[in-house]
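Each residue of the sequence shown is one higher than the last, beginning at 26 in the UniProt record's numbering.
Backbone N, C-alpha and C fix where the C-beta goes; we use that ideal spot for every residue, glycine too.
Everything below concerns the one structure shown next.
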Amino acid sequence: AFQSVPLAPPDAILNLNTLYKADTYPKKINVGVGAYRDEDGKPWVLPVVKKAECAIVEDASLDHEYLPIDGLRTFTDASAKLILGKNSPAVLENRFGGIQTISGSGAVRLGADFLNRWRKAPVYISNPTWGNHHDIFRDAGLDVHTYPYWNPEVRGLALKGMLDTIKGAPKGSIFVLHPCAHNPTGVDPTPDEWKLIAEAIRAGAHFPFFDCAYQGFASGDLDKDAAAVRYFVEEGFELLVAQSYSKNIGLYGERTGCLTIVTKSADLVPNVRSQMCKLQRASISNPPAFGARIVSMILNDEQLFAEWTQQLKIMANRIIHMRTVLFALLTELGTPGTWNHIVDQIGMFTFTGLNAAQVKVLRDTYHIYLTDNGRISMAGLNTHNIRTFAEAVDFVVRN
Ligand code: PMP
């Protein structure tokens, strides 16, 4: 029955991890996968997460019953408030509803399924974007297009191309936007640029779908990283927002996320929520409990929340520091080219501008693993390996 099934290519990023693990060279460097690493290159379980976990495990009243289809309500309500802001007009007017999902990926997929069923339209994703966006929206049945985002000449935002595409798209199209720490470029629009983007989206009666995988991780400030979403809500847009707790709380494998909808009026929320529940039931039945319990505990407790924001800053600041150090090293080495984009870009990733051939030399000769598009995860760098990394980059740029 399966003779005609061809072998699918391996996932580019996860495959890089496999290659890295198989490499026995002691000084190998992994700047491929987007996961936080500490100064010693180790995963970091946030102390506040440990605390919450212990409290959950010790709570004798907790059982392993199913959560409701839409997940843990204390989690989804707190998640919506985290991204929209407690004083958001949508929150104050009760025009929002959240569904717990299988992390950010699941939130994007549920949003895509919902739009495909109830508001079908062409979807526009940024060029480039997180690779999974292409597959998720296509598999959900939507017609996928891209809008320009990266201008290689200035190593920054392709604002004009982006606005032209928004203006030229069929009326009512869906626009997927990264509110902060754009993956893979690390380039975010400024507040003024967001205004122009919002204007163009409004003019085309398009629908904004925010994919927020890095709130707090970009700048260390949860409110600042949510500013674009909040601006759109204040401007009266209806929208979807996907949230992930993989990076900012470090719950990667616990698959903890949320899809929130903001509607024009409160009476629309139950209908939308009920249809999202129908889709959720048919795909995962109901979401997993453990990660949501951890996040709910942290978001709903003032003391734990304060601890979390401190620990979030430790991660964001270490990454920002690595940007400064890498820039200083390349300057010291006199590496040809301009490298200020390393300090200008934000979040987990730097889009270095290295090409696929240079990436291959880094991998084959220097045991340094990064994606072919030249994206590096800043979290993979630390004070022990950053000089080696800079010298390798210097070599490939010169040769
Ligand atoms: N969207 C974007 C833009 C991302 O970078 C990521 C993480 N790589 C995700 C969504 C989802 O990740 P997860 O499913 O682990 O939350």
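Return the residue from the list the options that minimises the CA-CA distance to residue i.
i, options, result
"Leu44", "Phe234, Asp419, Thr396, Ile401", "Thr396"
"Val258", "Ser130, Gly362, Gln335, Phe232", "Phe232"
"Val421", "Gly136, Cys205, Leu379, Arg412", "Leu379"
"Leu221", "Ala33, Asp250, Ala251, Tyr256", "Tyr256"
"Ala251", "His207, Pro312, Val368, Met187", "His207"
"Phe234", "Pro195, Pro35, His158, Pro209", "His158"
"Trp333", "Leu293, Asp369, Leu276", "Leu276"
"Ile38", "Glu118, Gly57, Lys385, Gln125", "Gly57"
"Lys67", "Pro209, Asp369, Asn407", "Asn407"
"Pro98", "Gln336, Ala317, Pro216", "At residue 98 the sequence reads Arg, which differs from the Pro that was named. For the residues Gln336, Ala317, Pro216, the minimum Cα distance to Arg98 belongs to Ala317."
"Gly123", "Val418, Ile286, Ala417, Asn55", "Ile286"
"Gly181", "His366, Trp155, Ala165", "His366"
"Trp155", "Val297, Trp143, Ile191, Ala238", "Ala238"
"Ile411", "Cys302, Lys338, Val350", "Val350"
"Gln87", "Pro114, Thr215, Phe315", "For clarity, residue 87 is Leu in the given sequence; the question names Gln instead. For Leu87, the nearest C-alpha among the options comes from Phe315."
"Pro204", "Asp164, Ala223, Leu387, Lys192", "Ala223"
Which same chain residues end up closer than 6 angstroms to residue i when comparing Cβ atoms and leaving out the 5 residues on each side of it in sequence?
i, result
"Asp48", "His392"
"Val148", "Phe162, Leu167, Val169, Ile199"
"Val133", "Ile161, Asp236, Ala267"
"Trp364", "Phe352, Leu355"
"Arg400", "Pro209, Phe374, Phe376"
"Ala381", "Asp397"
"Asn42", "Val58"
Tell me whether residue i, by its Cβ, gets closer than 7 angstroms to a heavy atom of the ligand PMP.
i, result
"Asp160", "no"
"Asn208", "yes"
"Val133", "yes"
"Trp175", "no"
"Tyr61", "no"
"Ser290", "no"
"Ala238", "yes"
"His392", "no"
"Ser151", "no"
"Ser128", "yes"
"Tyr277", "yes"
"Ser402", "no"
"Gly282", "yes"
"Ser104", "no"
"Trp364", "no"
"Ser308", "no"
"Ser269", "yes"
"Trp155", "yes"
Under a Cβ-count criterion, where at least 16 other Cβ atoms within 10 Å of its own Cβ denotes burial, should residue i be classed as buried or exposed?
i, result
"Ser290", "exposed"
"Lys52", "exposed"
"Cys79", "exposed"
"Tyr91", "exposed"
"Val82", "exposed"
"Leu324", "buried"
"Val30", "exposed"
"Gly261", "exposed"
"Ala415", "buried"
"Gly359", "exposed"
"Phe27", "exposed"
"Val74", "buried"
"Lys272", "buried"
"Glu178", "exposed"
"Thr215", "exposed"
For residue i, which residues of its own chain have a beta-carbon under 7 angstroms away from its beta-carbon, when the five flanking residues on both sides are left out?
i, result
"Ile309", "Ile127"
"Ala183", "Pro173, Tyr174, Trp175, Asn176"
"Ala103", "Ser321, Leu324, Asn325"
"Pro195", "Pro147"
"Ser113", "Arg255, Val258"
If I'm right that residue i touches residue j with Cβ under 8 angstroms, what's the distance once you round it to whole angstroms?
i, j, result
"Gln300", "Phe139", "7 angstroms"
"Ile150", "Val201", "5 angstroms"
"Ala225", "Leu265", "Ala225 to Leu265, Cβ: 18 angstroms. No contact."
"Gln125", "Pro295", "At roughly 17 angstroms, the Cβ-Cβ gap does not stay under 8 angstroms, so Gln125 and Pro295 are not in contact."
"Gly129", "Gly282", "5 angstroms"
"Gly284", "Leu135", "The question names Gly, but residue 284 is Leu in the sequence shown. Right, their Cβ atoms sit about 5 angstroms apart."
"Tyr394", "Asn55", "5 angstroms"
Within its chain, find whatever has a CB closer than 8 angstroms to the CB of residue i; leave out the 5 residues flanking it on each side and keep chain order.
i, result
"Arg50", "Looking at the sequence itself, residue 50 is Tyr, so the reference to Arg does not match. For Tyr50, where only same-chain residues beyond five positions count, the Cβ hits under 8 angstroms are His392."
"Leu107", "Gln240, Leu247, Ala251, Gln268, Leu324"
"Pro361", "Val422, Arg423"
"Trp69", "Tyr61, Arg62, Asp63, Gly275, Met340"
"Arg298", "Asp95, Gly122, Ile124, Ile286"
Using 7 angstroms as the cut-off, classify the Cβ of residue i as near or not near the heavy atoms of the ligand MN, replying yes or no.
i, result
"His203", "As presented, the structure is devoid of the ligand MN, carrying the ligand PMP as its sole ligands."
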